[in-house]
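Under this note's numbering, the first residue of the sequence shown is numbered 18, with each subsequent residue one higher.
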Amino acid sequence: MGTPGISATIRYVNAKKVPHLFVVSGVTKFTNFAEFPMTTTGLPSYDTEGRIYAKYITQTRPDAKIAILYQNDDLGKDFVNAFKGYLKDDFDKKVVVSSYEVTEPTIDSHVVSLKSSGAEAFLVAGTPKFAAQAIKKVDEIGWKPLFLINLVSSSVSSTIVPAGPEKAIGIVAATIFKDPNDKKWADDPGMKWYRDFFAKYLPGADIGDNNYLFGTQQGQILEQVLKQCGNDLSRENIVKQSRSIRGLSLPTLMPGATINTGPESSMAYTQLQLQRWNGTTWEQFGNVLSAETK
């Protein structure tokens, strides 16, 4: 889990031909199956997510100047590059960017600077701590942009609650999974299964923490791979089966989202659902969007 650790080990495990399945990072370089034939990825790529956001902003606010506050690492840079790839020649005219280091205690000054640029749309591409800080500061200075945060910062428990749910109203983010605390899923069979599973194995823990839900999905994907392997647990077959998953629908995935991999695709997730925070819950809108239809 995590870009730094994967970056430090990915070449070694590929050179040693060790199956390296569904690593938890959306960094786009890890999806290069030609360079990393033993690796599959377990988060939507930041390039896919970034292009979906770029399309949404340009369709919703065609003439808006766009501000991007990004973490100065592979995560943040991938989002900036996704906007460059989508907007092409318009990028320099429409986008202003500011980067922050994870060692910075606060990103308040970055937010104030980006507001002063006149931007009418604002994307935070980072991690929950800084997304929560940005939400607080945007509210404090009275900035009213079309506000987006990235998937890894969309947890209610980790970002929205620390920021203040009322301060996050109107924020847009992408997701791949259902929120266990959202009443709309109260009678959903998949979420009923998850709540029972959670009560059995993690009593007393915070069911709203999406790390638990995501970890459960990781286990279910591994279970699927092992089922497909049958009695052939050779490294070659494990990797082959990890790239042969078709239409796998997990109980906690958004309706319409499925896991599909292939010989030329190393990504478990290529679909995202946009959602908007209404003060108490995330409301999904539009269709499930895929990497193929950016």
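Backbone N, C-alpha and C define an ideal beta-carbon position, used for all residues, glycine too.
Asked                                                                                                                                                                 : Found
Per DSSP, what are the beta-bridge partners of GLY279 in this structure?                                                                                              : SER282
Three or more C-beta pairs under 8 Å: does that hold for the region 292 to 305 against the region 239 to 247?                                                         : no
Hey, ASN295 and ILE186: beta-carbon distance below 8 Å or not?                                                                                                        : yes
Under 8 Å between the Cβ atoms of ASP205 and THR298?                                                                                                                  : no
Buried or exposed: GLN234, going by 16 or more other Cβ atoms within 10 Å of its Cβ?                                                                                  : buried
Taking just the CA atoms, how far does GLN150 sit from VAL128?                                                                                                        : 9 Å
Given a threshold of 16 other Cβ atoms within 10 Å of its Cβ, counted over all protein chains shown, does TYR87 qualify as buried or as exposed?                      : buried
What residue from TYR70, ALA71, LEU250 and ALA84 has the CA that sits closest to GLY135's CA?                                                                         : ALA84
Going by the beta-carbon positions, is the gap between GLY143 and GLY93 smaller than 8 Å?                                                                             : yes
In the structure shown, what three-state DSSP assignment does GLU157 receive?                                                                                         : helix
Do the region 277 to 294 and the region 43 to 61 meet, that is, are 3 or more Cβ pairs less than 8 Å apart?                                                           : yes
Taking the alpha carbon of TYR278 as the point to measure from, which residue in GLY264, VAL114 and ASP226 has its own alpha carbon closest?                          : The residue you asked about is not Tyr; residue 278 is Thr in the sequence shown. Nearest of GLY264, VAL114 and ASP226 to THR278, Cα basis: GLY264.
In terms of residue numbering, what span does the beta strand (DSSP E) encompassing TRP294 cover?                                                                     : 288 to 294
Quick one: grab the DSSP three-state call for THR297.                                                                                                                 : coil
Residues in its own chain within less than 6 Å of ASN227 by CB, not counting five upstream and five downstream?                                                       : SER172
As a quick exercise: from ASP90, ALA32 and ILE74, pick the residue whose alpha carbon is nearest that of GLY43.                                                       : ASP90
When you compare the region 27 to 47 with the region 70 to 79, are there three or more beta-carbon pairs, one atom per stretch, that lie closer than 8 Å?             : no
With the cut-off set at 8 Å, would you say GLY207 and PRO268 are in Cβ contact?                                                                                       : yes
What does a CB cutoff of less than 6 Å around ALA222 pick up in its chain, not counting 5 residues either side in sequence?                                           : none
Could you check which residue in ILE276, CYS246 and ASP125 has the C-alpha nearest to that of LYS154?                                                                 : ASP125
For GLN88, write down the residues that DSSP places opposite it in a beta bridge.                                                                                     : TYR117
Just to confirm my understanding: we take ALA71, look at its own chain, exclude 5 residues before and 5 after, and list those with CB closer than 7 Å. What are they? : ALA99, PHE100, TYR103 and LEU104
Tell me which residues share the same chain as SER175 and place their Cβ nearer than 6 Å to its Cβ, disregarding the 5 neighbours each side in the sequence.          : PRO145
Going straight from the alpha carbon of PHE96 to that of PHE214, what length do you get?                                                                              : 35 Å
When you compare each of ILE152, ALA203 and GLY159 to GLY181 by their alpha carbons, which one comes out closest?                                                     : ILE152
In or out: MET271 buried (at least 16 other Cβ within 10 Å) or exposed?                                                                                               : buried
Please classify ILE166: does DSSP put it in a helix, a strand, or coil?                                                                                               : strand
Which class does THR233 belong to by DSSP, given the choice of helix, strand or coil?                                                                                 : helix
Please report the straight-line C-alpha distance between LYS184 and PHE164, rounded to a whole angstrom.                                                              : 11 Å
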